[in-house]
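Here is the structure we will look at.
Residue numbers (my numbering): 4 to 748.
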């Protein structure tokens, strides 16, 4: 793109940009206001309809209660009397088993959507014939006489009533969701197949009842099918649609729609204004760019020749204005460029080699010490420094600790050798401490610049020191050049953004030259590599830990159980010790999930793991084998010691219920639970880890068979137990459980 084109675009951006932004803001604001008004109307309509349906359900409940009171003694005219009082369109009294009894009024076709809100199968027709409320009829002794139903048909009269209450068009939707996935929102009262015939309208499947205009109905229904919850969608004709799903005292699925008026005339005016402004701006921008770029044509041609490799190209300087000064600068640049190109090529090749070595080291090892040594060696070679150190921050002590160093043979106090591992610098003290605390890199000379090394830092004449932080949160900000070594620089070009994790420092370049800005940029690159190395090692160690840990309970997982069991068996075999394996399984845990929900079940598992850790020694190992199954490994412990631990775990489990929030209730529930335990000992019950674990598992199933909340020891010691289950007589082992009994316990 030419300079003339860029100037034209810049002028257009300055002139035309605010016009476009203003027009867009007006258009978006007007549209947003119109959308917001439509949503408010729909919200008010939904509230009004819910209120109307609530009043209808209360009226039907009153009618059902009246019919129950009048017809509880067997009065055959009770249902018709309630209908005559216009409390409901139809009333029906049924027997205790649901058989139809007396009725009054014309019964809408079944099924009915009941205001109570329980879940029953969806009708095949997908529609409901009426809205019903029912109450139970009881005799004086409290015995059930049957049910009284009060029904209002779902017809155009009811829908017009709802449309009037909401101030919007209303459509009653078909019940389309399968029974297994539909929310428990309304009772669909099934047809009654027993008892005398009743007066009822034809039971053909009902179509949707609506107050929508026929031309809008199909589009409204299509849009309503994709709307969920309180979301609002818009039809191609500009109507806003929202669904009102069934809920308490509102058992019907409804679709509401209101008109949505867009100010199209205003949009046309905005387009015309933008078009006229754009035409005038383009003309003015072209004229301005043409007058500005004409003197630069010669300079552009010379620059093209230089870009093609002709470093002898020169620009004739005819004026002393900005363009003339640009020509002088261009000529000087061409003279010096050849030398710079040669120097940059050599420096680039050297730096590329060092970065390649760093990349190979980072990808082939997680040894932090080795990685930091390679980083320091590469930084020394790339900058020509004689010595260097790399220190990491100990946050707890607030001290920089030396990790690796080179060239420190005569840089200690009084010229003595300096051991980098003895190097300690407090944060904020000395040169390195101030760099780490401030997060600002420094370069310069010790005898001229403000910061001086502390007593135990390496002796030097010139230095460059860079802090480094975690990758992605660099401790340095600003351009890469022009850094002043003095701390009192009124406008520092680097500002601290986060606390440093370490410091990389180099001392005394070969040739006694000071470090320059290019060295500072290079050192920042290597400091960033050090930060990457530290994070890679940390992430690797964390990934190893997570791969062996159960995320819910914090215990070790099944993978680590197999590895630990093999290791502990080998250790026990080597030193002729015993190893006790305890298998634990929470009793009737499926009932906890079914009754209180899976969130409460997770809380029980986490609390059991906490109590398990509290009852074992530090040398003991606890694992979650899967589901509600856990395993303990007790090194140097016999069966008696295992029984003691099992007794403590069982008592701690049964002593206090878990207080957890239940998905079935708004209030927290107290969930009691117990545990069944099986114990096996290496080498008494198996010569391999898998055999001992299998023996403990078999003893666990024997404890389950003995009544749960008990303990069993594998083999001939099966008569040892804990809890309410009785011991087997005669010291005989408990009968083994079949394999199919090992799940769902």
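For glycine and all other residues, C-beta sits at the position ideal for the given N, C-alpha and C.
If you're wondering where the values come from, they're calculated on a predicted model, not measured in any experiment.
query                                                                                                                                                               : result
So which of 678, 418, 31 and 18 has the shortest CA-CA distance to residue 650?                                                                                     : 678
According to DSSP, residue 409 sits in a beta bridge with which residue or residues?                                                                                : 391
Do residue 636 and residue 646 have their beta-carbon atoms positioned less than 7 Å apart in this structure?                                                       : no
How big is the Cα-Cα spacing for residue 718 and residue 550?                                                                                                       : 34 Å
Can you check DSSP and say which residues form a bridge with residue 636?                                                                                           : 584 and 624
Who are the near neighbours of residue 633 in its chain, counting only those whose CB is closer than 6 Å to its CB and skipping five residues on each side?         : 587 and 627
Confirm, please, whether the CB-CB distance from residue 512 to residue 418 is below 7 Å.                                                                           : no
Can you look up residue 421 in the DSSP assignment and give me helix, strand or coil?                                                                               : coil
Can you tell me which residues form a DSSP beta bridge with residue 714?                                                                                            : 680
From 411, 412, 395 and 399, pick the residue whose C-alpha is nearest to that of residue 405; which is it?                                                          : 395
If we count the other Cβ atoms within 10 Å of its Cβ and call it buried at 16 or more, is residue 313 buried or exposed?                                            : exposed
Compare the Cα-Cα distances from residue 257 to each of 544, 146 and 165 and report the closest residue.                                                            : 165
Should the region 76-93 be called in touch with the region 153-164, which here means at least 3 C-beta pairs below 8 Å?                                             : yes
Which complete beta strand (DSSP E) runs does the region 29-116 hold, if anything under 3 residues is left out?                                                     : 93-97 and 103-108
Apart from the five residues just before and just after residue 292, which ones in its own chain have a Cβ nearer than 6 Å to its Cβ?                               : 7, 10 and 11
Return the CA-CA distance between residue 698 and residue 584, expressed in angstroms with no decimal places.                                                       : 9 Å
Could you give the first and the last residue of the continuous alpha helix (DSSP H) run that contains residue 518?                                                 : Counting along the chain, residue 518 falls outside any alpha helix (DSSP H), and DSSP gives it neither H nor E.
Specify the secondary structure class of residue 2 as computed by DSSP and reduced to three states.                                                                 : Lying outside 4 to 748, the shown extent of the chain, residue 2 is not represented and no answer is given.
As a quick exercise: from 70, 305 and 509, pick the residue whose alpha carbon is nearest that of residue 463.                                                      : 509
Under 8 Å, with one C-beta from each stretch per pair, do the region 55-63 and the region 238-254 reach the 3-pair mark?                                            : yes
For residue 236 and chain D, any beta-carbon pair shorter than 7 Å?                                                                                                 : The structure shown contains no chain D; it is built from a single protein chain.
Once DSSP output is grouped into helix, strand and coil, what is the label at residue 381?                                                                          : helix
Looking at C-beta atoms only, is the number of pairs between the region 599-614 and the region 691-710 that lie closer than 8 Å three or more?                      : no
With H, G and I counted as helix, E and B as strand and the rest as coil, what does DSSP make of residue 317?                                                       : coil
For residue 69, which residues of its own chain have a beta-carbon under 7 Å away from its beta-carbon, when the five flanking residues on both sides are left out? : 85 and 90
Going by CA-CA distance only, name the one from 429, 141, 372 and 247 that's closest to residue 177.                                                                : 247
Tell me, please, whether the region 273-285 touches the region 303-311 by the rule of three or more beta-carbon pairs shorter than 8 Å.                             : no
List the DSSP bridge partners of residue 260.                                                                                                                       : 172 and 244
Can you look up residue 22 in the DSSP assignment and give me helix, strand or coil?                                                                                : helix
Quick one: grab the DSSP three-state call for residue 341.                                                                                                          : helix
Relative to the C-alpha of residue 403, which candidate in 503, 32 and 160 has its C-alpha closest?                                                                 : 503
Using 7 Å as the threshold, is the C-beta distance between residue 518 and residue 445 below it?                                                                    : no
Quick one: grab the DSSP three-state call for residue 618.                                                                                                          : coil
Taking just the CA atoms, how far does residue 548 sit from residue 554?                                                                                            : 11 Å
Is there contact here, the region 660-677 with the region 589-609, by at least three beta-carbon pairs under 8 Å?                                                   : yes
Spatial neighbours of residue 563 within its chain, please: C-beta separation below 8 Å, excluding the five flanking residues on both sides.                        : 551, 552 and 626
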